[in-house]
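Beneath this line is the structure, given in structure tokens, with notes to follow.
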């Protein structure tokens with residue numbers, strides 16, 4: 046059995062939590078580093094094999110934590126909303142700057158692959174600020190020289206129980222569930238998607254050909 050290592054940013058979000066649980070249950074992984082803003086409660090993840098290393102991180106100084114990126118796979122599940130962040134600039138800091146900085150750290154430490162969460166409809170030319178930022182990030186990371194196997198997942202509305210309240214998103218999800226059966230062919234990709242599914246898709250994009258020497 047090959048033994049891989051991973052780093053996860055955004056482990057306390059909807060997809061992040063689903064991803065970490067899947068990584069912990071995956072026998073291919075022997076070590077998983079979580080970069081988090083604040084200490085995690087012990088009850089958040091069951092870790093009987095003690096795979097987890099939790100590092101409280103100042104994301105404004107992510108380069109100081111570059112050494113933790115000397116792993117096989119990097120997963121970035123960071124993301125917020127403009128309402129949560131408080132301004133467009135604060136939103137961009139999380140959804141663009143932090144993710145871009147993580148890609149640079151992964152490149153410097155020769156990660157075998159780098160996967161992050163984008164969005165369906167991401168487009169640098171979009172009139173929608175959220176989709177424009179997501180598109181600009183894809184344009185910044187995908188062609189990055191010497192970054193190994195970058196890949197973005199582009200989910201639609203995410204299904205799952207969030208800790209924070211997002212009323213408009215809940216309405217969108219409810220509407221999406223109602224019309225999902227009608228979303229066939231090219232529209233299928235716009236169906237609401239479970240966080241567990243997005244996490245599995247992220248893992249499927251990683252390079253499992255061989256662990257680091």
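Numbering (our numbering), first residue to last: 46 to 258. A virtual CB, placed ideally from N, CA and C, is assigned to each residue, including glycine.
- Taking 8 Å as the cut-off, the Cβ atoms of residue 191 and residue 177 do not count as close.
- Under DSSP, residue 195 takes part in a beta bridge, and its partners are 159.
- The beta carbon of residue 157 sits closer than 6 Å to the beta carbons of 117, 193, 252 from its chain, once the five residues preceding and following it are set aside; these are given in chain order.
- Per DSSP, the beta-bridge partners of residue 50 are 76.
- Our two residues, residue 183 and residue 89, have alpha carbons roughly 31 Å apart in a direct line.
- Where residue 97 is concerned, there is no enclosing alpha helix (DSSP H), although the beta strand (DSSP E) around it starts and stops at 97-101.
- For residue 201, the closest alpha carbon among the candidates 188, 163, 258 is that of 163.
- Bridge pairing for residue 120: 53, 160 [DSSP].
- Cβ neighbours of residue 189 within its own chain (closer than 7 Å, five residues either side excluded): 148, 152, 195.
- Taking the Cα of residue 78 as reference, the smallest distance to any Cα among 105, 60, 121 is reached at 121.
- Residue 81 is bridged by DSSP to 101.
- DSSP places residue 141 in the helix class (H, G or I) of the three-state scheme.
- Shown here for residue 102: same chain residues with a beta carbon closer than 6 Å to its own, the five before and five after excluded, namely 80, 110 in chain order.
- Closest in C-alpha terms to residue 91, from the list 65, 72, 114, 126, comes 65.
- Around the C-beta of residue 254, fewer than 16 other C-beta atoms lie within 10 Å, and the residue is accordingly described as exposed.
- Pairing residue 113 with residue 96 gives a Cβ-Cβ distance that is not under 8 Å.
- Here the alpha carbon of residue 144 sits roughly 8 Å from the alpha carbon of residue 161.
- Contact between residue 244 and residue 60 holds, since their C-beta atoms are separated by about 6 Å, short of 8 Å.
- Spanning the alpha carbons of residue 142 and residue 166 requires a straight line of approximately 20 Å.
- Taking C-alpha positions only, residue 84 is separated from residue 128 by approximately 24 Å.
- A straight line joining the alpha-carbon of residue 126 with that of residue 57 spans about 15 Å.
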